[in-house]
Amino acid sequence: MLDSSTLKTLARAATDTLKRGLDQHVRLAVTGLSQAGKTAFITSLTDQLLHGTPRHLPFFPVQAEGRYLGAKEMPQPHPLVPRFRYRDNLAMLQADQPGWAPSTQGISELRLHLKYQPDTGIRGFIKEPVTLVLDIVDYPGEWLLDLGMLDLDYGQWSAQQQKLLAQKPRADLAASWCQDATAYCAQGQSDEVQTEQLAERFAALLQDFRASLGLYYLQPGRFLLPGELKGAPVLAFFPWQGAPDDSPLYRQLAKVFEQYKSEVVKRFYRDHFASMDRQVVLVDTLAALNHSRAAFLDLQLALTEVLKSFQYGQSGLLSRLFSPRIDKVLFAATQADRLTPDQRPALTSLIGELIGPALEPIRFAGIDVGVETLAAVCTTQAGKGQLDGQTLPCLKGRLADGRQVTLFPGDVPASLPAADFWQRQGFAFPGFAPPLGLRSPLAHLRMDKALAFLLGDKML
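Residues in the sequence shown are numbered consecutively from 792, following our numbering.
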């Protein structure tokens, strides 16, 4: 018969075994289309997990219920992947003259251990805390758009790009490049120097499309953010101009195009996303509304292409590149603090309409899709003000030049705007600088809702 000491030892061993089995590991990928606030989002997400309180995160159940015991930064697990610089980014936000951290130019990761007290199911039998290992993976949204290239050969991709380059708003900026590329393609002979020059000019053209026209659907993504591939031969291609042929130049460009697909696009997603569990896609819808109808329509096109990446099926990109373990995708409209509170539901509705038609295949795959409106770092205060004798909702905040201003940003359409909407109504959604005196936990809007969607079911 076992004595009490032995029974206690066995009970402890059983509990330890159960705890090890229940400790979980979640890999969360975060990306965003141009200037969507990805660095701010990950910095805030990390700060909320490290320093948040029940009062600060009322819609994050494990916090609200008092079961969250804290978080700890852990060593970077992958020696070839840079660490996400949370502390440096936070220091910039909390400086005497605060500013935004620069956008990331490649992939980075951060590992956290989250401790909590289980409450339900088999975990409820454990009296000691359980640890959730969270890896946050940051990668550029520009690279996500390259997924669409995998289902195209060089001729198909070139035809797609030719059509875009010939249409407004791209046509005027692209005219000179198209003229020179057409002449070179007509010669048919491959010259390494000329090919590299035209590829570099095409990359500069894509940068111009983004900076001058506010466009989003830009391929190849590595032409915008080459990272370690800057100057590499695998980037020495461009879309063919004219009818496809069998010339040495066409064959060379098609060869490099296929190398780009296999050595850059496929390898990146295979190496880094084989074990991904959840995905966040950040979208700065307000920037597109601010810019022009053309920018807004291009955002819609880009989101449609992004959603195709998750489509279900044996030949779909999901089965090829994304692990079947991905069970949640959050689409988040960022920088909601640039809106008065009464307009934020309209922004949620608008982002839902932007992606709505393409959601059915994703949901059929068993993926839970969430739509949220948030501000990773809240930079404004909402109030009321007088304008032309009327009392209207307004915002107070600090502009990039340090001036404190009061603004009436106007209304956000709750559905896709009509063609003449930009002529009938203007937008004034300026960017704000971080407020003075920010402390941890960072002020936010609805980051607890995002945490609840992404991690709530893992911390019951």
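The beta carbon of each residue, even a glycine, is placed where N, CA and C say it ideally should be. It should be emphasised that the depicted structure is a prediction, and the values quoted were computed from it without experimental measurement.
query                                                                                                                               : result
Whole-angstrom distance between Gly1193 and Ala862, CA atom to CA atom                                                              : 34 angstroms
Residues bridged to Ser899 [DSSP beta-bridge criterion]                                                                             : Asp929
Coarse secondary structure for Phe1223, derived from DSSP in three states                                                           : coil
Exposed unless 16 or more other CB atoms sit within 10 angstroms - verdict on Leu1112                                               : Residue placement at Leu1112 cannot be trusted, given a pLDDT of 49 that sits under 50; what the coordinates show is reported in the next sentence. Leu1112 comes out buried.
C-beta contact flag for Gln1070 and Val1120 at 8 angstroms                                                                          : yes
Cβ-Cβ separation, Ser825 to Arg1013 (assumed contact under 8 angstroms), whole Å                                                    : Actually they do not touch by this definition, with Cβ atoms about 15 angstroms apart.
Short Cβ contact (8 angstroms threshold) for Gly946 with Glu1096                                                                    : no
Among Leu884, Gly1018, Tyr877 and Ala957, the one whose alpha carbon lies nearest that of Ile927                                    : Tyr877
For Pro1136, three-class secondary structure by DSSP                                                                                : helix
Leu937 classed as buried or exposed, judged by whether at least 16 other C-beta atoms fall within 10 angstroms                      : Reading the sequence as shown, one finds Asp at residue 937 and not Leu. Classification of Asp937: buried, given that the 10 Å Cβ count is 16 or more.
Three-state secondary structure assigned by DSSP to Arg878                                                                          : helix
Segments assigned beta strand (DSSP E), at least 3 residues, entirely inside the region 1164 to 1249                                : 1171 to 1178, 1181 to 1189 and 1195 to 1198
Cut-off 7 angstroms between Cβ atoms - residues of its own chain near Ala1252, not counting five sequence neighbours on either side : Since the displayed the chain opens at 792 and closes at 1251, residue 1252 lies outside it and no answer follows.
Pair within 8 angstroms by beta-carbon distance, Ser899 and Arg874                                                                  : yes
Beta-bridge pairing of Glu1151 - partner residues as DSSP gives them                                                                : Note: Glu1151 sits in no beta bridge, so no partner.
Cβ-Cβ distance between Leu1009 and Leu1015 below 8 angstroms                                                                        : yes
Meets three-Cβ-pair contact criterion under 8 angstroms: the region 1135 to 1153 and the region 1179 to 1192                        : no
C-alpha distance - Leu956 paired with Glu1049, whole-angstrom precision                                                             : 22 angstroms
Cβ-based burial, Phe1029 [other Cβ within 10 Å; buried from 16]                                                                     : buried
Boundaries (first-last residue) of the alpha helix (DSSP H) holding Glu1096                                                         : Arg1084 to Lys1099
Three-state secondary structure (DSSP) of Gly1143                                                                                   : helix
Sequence-distant residues of its chain with Cβ nearer than 8 angstroms to Gln1195 (five each side left out)                         : Lys1187, Gly1188 and Arg1189
Which of helix, strand or coil DSSP assigns to Thr830                                                                               : helix
Limits of the unbroken alpha helix (DSSP H) element including Thr973                                                                : Arg961 to Gln978
Where Phe1122 sits in the DSSP three-state scheme                                                                                   : strand
Segment limits, beta strand (DSSP E) that includes Arg1252                                                                          : It is not possible to answer for residue 1252, since the shown part of the chain is limited to 792 through 1251.
First through last residue of the alpha helix (DSSP H) which encompasses Lys1046                                                    : Pro1039 to Tyr1051
8 angstroms contact criterion, which Lys829 and Leu1073 should meet: CB distance rounded                                            : 6 angstroms
His816 burial status per 10 Å Cβ neighbour count (16 or more: buried)                                                               : exposed
For Phe1223 and Leu1233, the rounded distance between their alpha carbons                                                           : 16 angstroms
For Tyr859: DSSP bridge partner residues                                                                                            : Tyr907
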